[in-house]
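Same order as they appear, the protein sequences are chains A and B. Quick note: to get this note's numbering, add 5 to the position in the first sequence (first position is 1). One point on numbering: in this note's numbering, the residue at position 39 of the second sequence is 37, and numbering is uninterrupted. What follows is a short report on a single structure.
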Amino acid sequence: GAVVSQHPSWVICKSGTSVKIECRSLDFQATTMFWYRQFPKQSLMLMATSNEGSKATYEQGVEKDKFLINHASLTLSTLTVTSAHPEDSSFYICSAPPVLAGGNEQFFGPGTRLTVL
Amino acid sequence: AQKITQTQPGMFVQEKEAVTLDCTYDTSDPSYGLFWYKQPSSGEMIFLIYQGSYDQQNATEGRYSLNFQKARKSANLVISASQLGDSAMYFCAVGPSGSARQLTFGSGTQLTVLP
């Protein structure tokens, strides 16, 4: 089946630094990808929709200048957490829509665990 | 707007028995899809089952079945013959129909299978 990868799987950084997370569709093209955030023992919350060739769409309350999204190609979307702070520590996970028209499974990457010291 | 409610923060089930995880939803979309995902401690989201709002029959996938009651806006997951490996967090989600779906997730149910 279709596979979505994320890199890195985990990252620890100092407060004030920026961190880039990559989301790749390995064997299919994705014009749209979704970025979610999950705090410990909580649910996944949609942060933004990444669109190839156009600007990302951010959910209410998500700072677009802090969470920069670039959909560089049909197989790659990146999320950059700028000037990270401890409250940005979370599990970030991306997803891509079904590969085939009419397909139902939404594919998720394995996630990236970010810890900001 | 969409909302998913999972009222069971935690559930216990004996190995080999069946268990039902509750999910109710609210959506303004006329056509929508309901999803169940399993999230083990590793964090990966494992797709289990899907139900379309216009599907006449309840979805089944191996040991998983979805008890879909549209009028009650209910989409409960039934796991039959529970296994120790089923212990995980389970999320119900709703999304619009179509090829590009952003999902709204419930708060999840932590299932523990007892030997």
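Ideal placement from N, C-alpha and C gives every residue a C-beta, glycine not left out. A quick note: this is a predicted structure, and the numbers were derived from the prediction, not measured.
Inset, instruction - State the Cα-Cα distance for the pair ASP84/B and THR36/A, rounded to the nearest angstrom. - result: 33 Å
Legend entry - Reduced DSSP secondary structure (H/G/I, E/B, other) of PRO94/B: strand
Legend entry - Spatial neighbours of ASN56/B in its chain, beta-carbon cut-off 8 Å, leaving aside the 5 residues before and after: GLN49, SER63, LEU64, ASN65, PHE66
Legend entry - 6 Å CB neighbourhood of THR25/B in its chain, flanking five on each side removed: GLN0, VAL92
Inset, instruction - My understanding is that ILE98/A touches LEU51/A, with C-beta atoms under 8 Å, so please give their C-beta distance in whole angstroms. - result: At roughly 10 Å, the Cβ-Cβ gap does not stay under 8 Å, so ILE98/A and LEU51/A are not in contact.
Inset, instruction - Identify the contact partners of PHE4/A in chain B, using a Cβ-Cβ distance below 7 Å as the criterion. - result: The structure shown does not extend to residue 4/A, since chain A is modelled only from 6 through 122, so no value can be given for it.
Legend entry - Of the residues THR107/B, PRO94/B, ILE47/B, the one placed nearest ARG61/B, counting alpha carbons only: ILE47/B
Legend entry - At least three beta-carbon pairs within less than 8 Å, the stretch 1 to 9 of chain B to the stretch 65 to 74 of chain A: no
Inset, instruction - Could you work out which residue in THR85/A, ARG29/A, LEU122/A is closest to GLU92/A when comparing CA atoms only? - result: LEU122/A
Inset, instruction - Evaluate PHE44/A with the Cβ neighbour count: other Cβ atoms within 10 Å of its Cβ, from every protein chain shown; 16 or more gives buried, anything less gives exposed. - result: exposed
Legend entry - Listed by chain order, chain E residues near MET43/B by CB distance under 7 Å: Structure shown: chain E not included; protein chains present are A and B.
Inset, instruction - Measure the CB-CB distance between LEU161/A and GLN34/A and report whether it falls below 7 Å. - result: Nothing can be reported for residue 161/A, as the shown portion of chain A is limited to 6 through 122.
Legend entry - Contacting positions in the stretch 45 to 60 of chain B - beta carbon closer than 7 Å to chain A: PHE45, TYR48
Inset, instruction - Compare the C-beta of SER63/B against all C-beta atoms of chain A and say whether one is closer than 7 Å. - result: no
Inset, instruction - Check each candidate in MET38/A, LYS71/A, HIS76/A and name the one with the smallest Cα separation from VAL24/A. - result: LYS71/A
Legend entry - Pairwise C-alpha distance: CYS21/B and THR3/B: 6 Å
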